[in-house]
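Structure, as C-alpha coordinates:
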Amino acid sequence: MRRPGLGAFLGVEMSRVSVWLALFGAASAPCAAMAQGAQVTPNLGAVQGEGTLQDNDGNSGTWSIDAVLSGGDFTGTGAATIRGVTVRGPLARGGSFYENGRCHFRIEEGRYRVEIGGPCTTTSIDGHAGGFVAGNTIVGSAKGVLKFGKAGAGSAAPKAVALPTAKLTCAWMERVGGVVAGDLPNYQLRMSNMVTLTLSPNGTYRTNSASGSFVREGDRIRLTSGAFAGAVGRLQPDRSGQRAVYFEREENRRANGVHIVDPGRTACTVAR
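The sequence shown begins at -10 in the working numbering and counts up by one.
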(Lines of atoms letter the chains of each structure in order from A and count residues from 1; the text may use other names and numbers.)
(Lines give C-alpha, C1' and ligand atoms only; values in the text may rest on other atoms or scores of the structure.)
Protein backbone atom coordinates (compact mmCIF):
# COMPACT_ATOMS: atom_id res chain seq x y z
CA MET A 1 0.00 0.00 0.00
CA ARG A 2 1.30 3.42 -0.84
CA ARG A 3 0.09 5.29 2.22
CA PRO A 4 -0.56 2.86 5.10
CA GLY A 5 -3.06 4.01 7.70
CA LEU A 6 -1.48 4.74 11.07
CA GLY A 7 -3.53 3.62 14.03
CA ALA A 8 -3.36 4.60 17.65
CA PHE A 9 0.27 4.99 18.72
CA LEU A 10 1.11 5.68 22.35
CA GLY A 11 -2.54 6.64 22.83
CA VAL A 12 -2.60 9.24 20.04
CA GLU A 13 -4.24 8.68 16.67
CA MET A 14 -1.58 9.23 14.02
CA SER A 15 -2.22 10.75 10.61
CA ARG A 16 -1.19 8.64 7.62
CA VAL A 17 2.47 9.21 6.76
CA SER A 18 3.83 8.03 3.41
CA VAL A 19 6.84 5.71 3.48
CA TRP A 20 7.91 7.38 0.24
CA LEU A 21 8.00 10.69 2.06
CA ALA A 22 10.62 9.36 4.44
CA LEU A 23 12.58 7.48 1.79
CA PHE A 24 13.17 10.53 -0.31
CA GLY A 25 13.12 13.10 2.49
CA ALA A 26 15.79 11.69 4.79
CA ALA A 27 18.83 13.08 2.99
CA SER A 28 17.36 15.72 0.67
CA ALA A 29 17.45 19.47 1.04
CA PRO A 30 14.07 21.18 1.47
CA CYS A 31 12.38 22.08 -1.77
CA ALA A 32 12.03 25.68 -0.62
CA ALA A 33 15.80 25.97 -0.80
CA MET A 34 15.85 25.06 -4.49
CA ALA A 35 16.60 27.97 -6.76
CA GLN A 36 13.59 29.52 -8.56
CA GLY A 37 10.26 27.87 -9.19
CA ALA A 38 6.97 28.02 -7.31
CA GLN A 39 5.50 25.48 -4.93
CA VAL A 40 3.80 22.56 -6.68
CA THR A 41 0.10 21.99 -5.93
CA PRO A 42 -1.83 18.68 -6.30
CA ASN A 43 -3.79 19.72 -9.43
CA LEU A 44 -1.21 21.58 -11.49
CA GLY A 45 -1.91 19.66 -14.71
CA ALA A 46 0.44 18.84 -17.58
CA VAL A 47 4.13 18.44 -16.80
CA GLN A 48 7.23 17.43 -18.69
CA GLY A 49 10.56 16.65 -17.12
CA GLU A 50 14.03 15.38 -17.92
CA GLY A 51 17.31 14.99 -16.14
CA THR A 52 20.20 12.79 -15.10
CA LEU A 53 20.74 9.78 -12.84
CA GLN A 54 23.80 8.43 -11.08
CA ASP A 55 23.99 5.27 -9.01
CA ASN A 56 26.33 4.67 -6.10
CA ASP A 57 28.60 2.58 -8.32
CA GLY A 58 29.36 5.59 -10.52
CA ASN A 59 27.08 4.72 -13.46
CA SER A 60 25.36 7.69 -15.09
CA GLY A 61 22.08 7.82 -16.97
CA THR A 62 19.13 9.94 -18.03
CA TRP A 63 15.39 10.10 -17.36
CA SER A 64 12.32 11.84 -18.77
CA ILE A 65 8.59 11.98 -18.04
CA ASP A 66 5.49 13.30 -19.82
CA ALA A 67 2.55 13.37 -17.44
CA VAL A 68 -0.43 15.11 -15.85
CA LEU A 69 -0.69 15.90 -12.13
CA SER A 70 -4.27 15.64 -10.85
CA GLY A 71 -5.48 14.96 -7.34
CA GLY A 72 -1.88 14.52 -6.23
CA ASP A 73 -1.24 11.65 -8.67
CA PHE A 74 0.94 11.67 -11.81
CA THR A 75 -0.37 9.75 -14.83
CA GLY A 76 1.56 9.44 -18.06
CA THR A 77 4.71 7.84 -19.37
CA GLY A 78 8.39 7.88 -18.57
CA ALA A 79 11.76 6.53 -19.63
CA ALA A 80 15.07 6.04 -17.87
CA THR A 81 18.41 4.74 -19.13
CA ILE A 82 21.17 3.49 -16.83
CA ARG A 83 23.75 0.69 -16.96
CA GLY A 84 23.09 0.50 -20.71
CA VAL A 85 19.45 -0.47 -20.23
CA THR A 86 16.40 1.66 -21.04
CA VAL A 87 13.23 1.23 -19.00
CA ARG A 88 10.27 2.74 -20.81
CA GLY A 89 6.60 2.56 -19.84
CA PRO A 90 3.70 4.10 -17.94
CA LEU A 91 4.15 5.85 -14.63
CA ALA A 92 3.11 3.27 -12.04
CA ARG A 93 -0.09 3.92 -10.14
CA GLY A 94 0.68 4.19 -6.43
CA GLY A 95 4.31 5.09 -7.03
CA SER A 96 3.93 8.33 -8.99
CA PHE A 97 2.56 11.18 -6.94
CA TYR A 98 3.17 14.58 -5.34
CA GLU A 99 3.21 14.84 -1.57
CA ASN A 100 4.66 17.17 1.04
CA GLY A 101 6.74 19.22 -1.39
CA ARG A 102 8.15 16.14 -3.14
CA CYS A 103 7.54 14.62 -6.56
CA HIS A 104 7.79 10.87 -7.11
CA PHE A 105 7.95 9.06 -10.46
CA ARG A 106 8.04 5.27 -10.82
CA ILE A 107 8.65 3.90 -14.31
CA GLU A 108 8.00 0.20 -14.88
CA GLU A 109 8.62 -2.16 -17.78
CA GLY A 110 8.17 -5.83 -17.05
CA ARG A 111 10.33 -6.74 -14.05
CA TYR A 112 12.45 -3.61 -14.41
CA ARG A 113 11.68 -0.36 -12.61
CA VAL A 114 13.30 3.02 -11.98
CA GLU A 115 12.11 5.32 -9.23
CA ILE A 116 12.90 9.04 -8.99
CA GLY A 117 11.82 11.24 -6.12
CA GLY A 118 12.73 14.26 -4.09
CA PRO A 119 12.03 17.91 -3.31
CA CYS A 120 10.51 19.64 -6.34
CA THR A 121 9.27 23.00 -7.53
CA THR A 122 7.54 23.96 -10.76
CA THR A 123 10.96 24.12 -12.43
CA SER A 124 13.19 21.46 -10.87
CA ILE A 125 13.65 18.28 -8.86
CA ASP A 126 16.72 17.14 -6.92
CA GLY A 127 16.58 13.90 -4.99
CA HIS A 128 17.16 10.17 -5.11
CA ALA A 129 17.00 7.34 -7.61
CA GLY A 130 16.23 3.69 -6.98
CA GLY A 131 15.01 0.58 -8.73
CA PHE A 132 15.98 -2.70 -10.31
CA VAL A 133 17.53 -3.03 -13.78
CA ALA A 134 19.05 -6.10 -15.45
CA GLY A 135 19.75 -7.90 -12.17
CA ASN A 136 21.16 -4.80 -10.50
CA THR A 137 19.63 -2.84 -7.63
CA ILE A 138 19.83 0.88 -8.34
CA VAL A 139 20.55 3.24 -5.44
CA GLY A 140 21.72 6.75 -6.18
CA SER A 141 20.76 10.32 -7.01
CA ALA A 142 18.61 12.07 -9.60
CA LYS A 143 18.02 15.65 -10.64
CA GLY A 144 16.49 17.54 -13.51
CA VAL A 145 14.13 20.19 -14.81
CA LEU A 146 10.33 20.23 -14.69
CA LYS A 147 7.87 22.34 -16.64
CA PHE A 148 4.28 22.56 -15.41
CA GLY A 149 2.50 24.43 -18.18
CA LYS A 150 1.99 28.11 -17.28
CA ALA A 151 3.17 27.48 -13.73
CA GLY A 152 6.46 26.19 -15.06
CA ALA A 153 7.06 29.56 -16.67
CA GLY A 154 6.65 31.22 -13.31
CA SER A 155 3.91 33.55 -14.59
CA ALA A 156 1.79 33.35 -11.44
CA ALA A 157 2.95 33.86 -7.89
CA PRO A 158 2.00 31.07 -5.48
CA LYS A 159 -0.69 31.83 -2.92
CA ALA A 160 0.37 32.14 0.69
CA VAL A 161 -0.37 29.06 2.76
CA ALA A 162 -2.95 29.65 5.49
CA LEU A 163 -1.92 29.01 9.08
CA PRO A 164 -3.20 25.63 10.30
CA THR A 165 -5.11 26.11 13.55
CA ALA A 166 -6.47 22.57 14.02
CA LYS A 167 -4.70 20.18 16.40
CA LEU A 168 -1.98 18.43 14.39
CA THR A 169 -0.38 15.06 15.07
CA CYS A 170 3.40 14.96 14.63
CA ALA A 171 5.67 12.07 13.62
CA TRP A 172 9.01 11.36 11.96
CA MET A 173 10.59 8.40 10.18
CA GLU A 174 13.78 6.75 11.44
CA ARG A 175 16.15 5.22 8.89
CA VAL A 176 17.29 1.70 9.74
CA GLY A 177 19.97 -0.03 7.65
CA GLY A 178 20.92 0.89 4.10
CA VAL A 179 24.58 1.52 4.91
CA VAL A 180 25.89 -1.44 2.90
CA ALA A 181 25.91 -1.30 -0.90
CA GLY A 182 22.82 -3.02 -2.29
CA ASP A 183 21.03 -2.96 1.07
CA LEU A 184 18.00 -0.67 0.79
CA PRO A 185 17.15 1.26 3.96
CA ASN A 186 14.07 0.55 6.02
CA TYR A 187 12.09 3.38 7.62
CA GLN A 188 10.15 3.08 10.86
CA LEU A 189 7.54 5.49 12.15
CA ARG A 190 8.36 7.30 15.38
CA MET A 191 6.21 9.60 17.49
CA SER A 192 7.55 13.17 17.53
CA ASN A 193 8.81 14.73 20.73
CA MET A 194 6.04 17.26 20.16
CA VAL A 195 3.38 14.52 19.87
CA THR A 196 0.84 17.17 18.84
CA LEU A 197 1.04 20.78 17.71
CA THR A 198 -1.65 23.45 17.85
CA LEU A 199 -0.99 26.94 16.47
CA SER A 200 -3.06 29.97 17.45
CA PRO A 201 -3.55 33.08 15.27
CA ASN A 202 -2.42 35.15 18.28
CA GLY A 203 1.13 33.78 17.90
CA THR A 204 1.17 31.04 20.53
CA TYR A 205 1.67 27.32 20.14
CA ARG A 206 0.98 24.27 22.27
CA THR A 207 2.39 20.75 22.05
CA ASN A 208 1.47 17.71 24.13
CA SER A 209 3.47 18.94 27.12
CA ALA A 210 4.84 22.39 26.29
CA SER A 211 3.78 25.80 25.04
CA GLY A 212 5.32 29.04 23.84
CA SER A 213 5.25 31.73 21.18
CA PHE A 214 6.01 31.81 17.46
CA VAL A 215 6.38 34.36 14.69
CA ARG A 216 5.43 33.91 11.05
CA GLU A 217 8.00 34.62 8.33
CA GLY A 218 6.25 34.21 4.99
CA ASP A 219 5.39 30.52 4.61
CA ARG A 220 7.46 29.58 7.65
CA ILE A 221 7.01 29.83 11.40
CA ARG A 222 9.78 30.23 13.94
CA LEU A 223 9.17 29.11 17.52
CA THR A 224 10.59 31.82 19.76
CA SER A 225 10.00 30.49 23.28
CA GLY A 226 9.23 27.31 25.15
CA ALA A 227 10.85 23.89 24.94
CA PHE A 228 11.13 24.04 21.13
CA ALA A 229 12.43 27.61 20.82
CA GLY A 230 14.47 28.04 17.63
CA ALA A 231 12.59 25.42 15.61
CA VAL A 232 11.58 26.44 12.08
CA GLY A 233 8.47 24.95 10.50
CA ARG A 234 7.40 25.19 6.87
CA LEU A 235 3.72 25.79 6.14
CA GLN A 236 2.53 23.75 3.19
CA PRO A 237 -0.43 21.52 2.36
CA ASP A 238 -0.14 17.77 2.75
CA ARG A 239 -1.06 15.39 -0.06
CA SER A 240 -4.78 15.72 0.65
CA GLY A 241 -4.58 19.50 0.59
CA GLN A 242 -4.96 19.88 4.36
CA ARG A 243 -2.87 22.54 6.10
CA ALA A 244 0.26 21.10 7.69
CA VAL A 245 3.64 22.03 9.20
CA TYR A 246 6.97 20.37 8.36
CA PHE A 247 10.14 20.75 10.42
CA GLU A 248 13.08 19.98 8.13
CA ARG A 249 16.01 18.17 9.70
CA GLU A 250 18.73 20.61 8.60
CA GLU A 251 16.78 23.66 9.78
CA ASN A 252 16.26 22.35 13.29
CA ARG A 253 19.66 21.96 14.88
CA ARG A 254 21.10 23.82 17.85
CA ALA A 255 24.59 25.30 17.72
CA ASN A 256 25.99 22.07 19.20
CA GLY A 257 24.30 19.97 16.50
CA VAL A 258 21.59 18.51 18.74
CA HIS A 259 18.12 18.42 17.18
CA ILE A 260 15.45 20.83 18.43
CA VAL A 261 12.38 18.77 17.49
CA ASP A 262 13.32 15.27 16.26
CA PRO A 263 16.37 13.53 14.73
CA GLY A 264 14.63 13.43 11.34
CA ARG A 265 12.11 15.41 9.28
CA THR A 266 8.96 15.99 11.34
CA ALA A 267 5.52 16.06 9.74
CA CYS A 268 2.63 17.63 11.70
CA THR A 269 -0.63 16.86 9.92
CA VAL A 270 -4.34 16.52 10.65
CA ALA A 271 -5.05 13.05 12.06
CA ARG A 272 -7.34 10.96 9.82
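Quick reminder that beta carbons are idealized off the backbone N, C-alpha and C, glycines included.
- DSSP, reduced to helix, strand and coil, places G138 within a helical segment of the structure shown.
- With a cut-off of 8 Å on Cβ pairs, the stretch 59 to 69 is in contact with the stretch 80 to 89, counting three or more such pairs.
- Taken in chain order, the unbroken stretches of beta strand (DSSP E) that lie wholly in the stretch 44 to 122 and span 3 residues or more are 49 to 59, 62 to 71, 74 to 79, 86 to 88, 91 to 98, 101 to 108 and 113 to 122.
- Beta-carbon to beta-carbon, W161 and V103 are separated by about 27 Å, too far to satisfy the 8 Å threshold.
- Distance from the Cα of N45 is smallest, within the candidate group V150, F217 and G120, for G120.
- Under the three-state reduction of DSSP, E237 is assigned to coil, being neither helix nor strand.
- In this structure, the alpha-carbon of V221 lies about 17 Å from that of N245.
- Within the model, the alpha-carbon separation for T258 versus N191 is close to 20 Å.
- Secondary structure of Q225 (DSSP, three-state): strand.
- Residue range S200 to E206 is occupied by the beta strand (DSSP E) that includes G201.
- Three or more beta-carbon pairs separated by less than 8 Å are not found between the stretch 123 to 137 and the stretch 224 to 236, which leaves the two stretches without contact.
- In this structure, DSSP gives Q37 an extended state, which the three-state scheme calls strand.
- Between the beta-carbon of R195 and that of F203 there is about 11 Å, and that puts the pair past the 8 Å contact cut.
- The residues V221, G222, R223 and L224, in chain order, have a CB closer than 7 Å to that of R209 in the same chain once the five nearest residues on each side in sequence are set aside.
- In this structure T154 is exposed. Its beta-carbon is surrounded by fewer than 16 other beta-carbon atoms within 10 angstroms.
- Secondary structure at A256: strand, using DSSP grouped into helix, strand and coil.
- G73 is the residue among Q177, G73 and S214 whose C-alpha sits nearest the C-alpha of A123.
- For G133, the three-state secondary structure derived from DSSP is strand.
- Sixteen is the threshold: when 16 or more other Cβ atoms of the shown chains lie within 10 Å of the Cβ of R95, as they do, the residue is buried.
- Between G40 and T111, the gap from beta carbon to beta carbon reaches 8 Å or more.
- Secondary-structure assignment with DSSP links L152 through no beta bridge to anything.
- In the structure shown, R232 falls within a strand segment according to DSSP collapsed to helix, strand and coil.
- Annotation: the continuous beta strand (DSSP E) that includes Q177 extends over N175 to L188.
- Rounded to whole angstroms, the Cβ separation of A81 and E98 is 10 Å, and the two are not in contact under 8 Å.
- Within the same chain, Cβ atoms closer than 6 Å to the Cβ of A199 are found at G215 and A216, the five residues on either side in sequence being excluded.
- It is roughly 19 Å from the alpha-carbon of T255 to the alpha-carbon of E206.
- Taking the Cα of V57 as reference, the smallest distance to any Cα among H117, G50, Q43 and F137 is reached at F137.
- Across the structure, R91 and L33 are spaced so that their CA atoms are roughly 14 Å apart.
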